[in-house]
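Asks: In the working numbering, the protein residues as written are 11 to 81.
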Amino acid sequence: MGKREWLRIGQNIARIRKSKGVTLEWVAGKMGRTPQWLSNIERNRRSIESTDLYKISQILGVDIENFFKDN
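#1: Would the beta-carbon of I19 fall within 7 Å of that of E52?
#2: Any Cβ of chain C within less than 7 Å of the Cβ of R56?
#3: In chain order, what residues of the same chain lie with their CB nearer than 6 Å to the CB of M41, ignoring the 5 residues before and after it?
#4: In chain order, what residues of the same chain have a beta carbon less than 8 Å from the beta carbon of S29, not counting five sequence neighbours either side?
#5: Spatial neighbours of L34 within its chain, please: CB distance less than 7 Å, with the 5 preceding and 5 following residues excluded, ordered by chain position.
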């Protein structure tokens, strides 16, 4: 997966999370992670493992494919 796709994933996580009205702290807490960890992913400062991406999709109640869409 290229850098462009990873950039899209972080942006889409943030967009979807905000549209659901939930905080970084809430999602990160559900995952047993720190808010800084999730913030770094959303700001494309770190990549995300597929298992963590799946967990976020479950927490937010969306299909994982939504993180890969151009918006």
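Just so you know, even glycine gets a beta-carbon here, dropped at the ideal spot from N, CA and C.
Replies: The relevant details are as follows:
#1: I19 places its beta carbon 7 Å or farther from that of E52.
#2: This model lacks chain C altogether; it includes just one protein chain.
#3: K65
#4: none
#5: Apart from sequence neighbours up to five positions away, the residues of its chain that approach L34 with a beta-carbon distance below 7 Å are P45, L48, S49, ordered along the chain.
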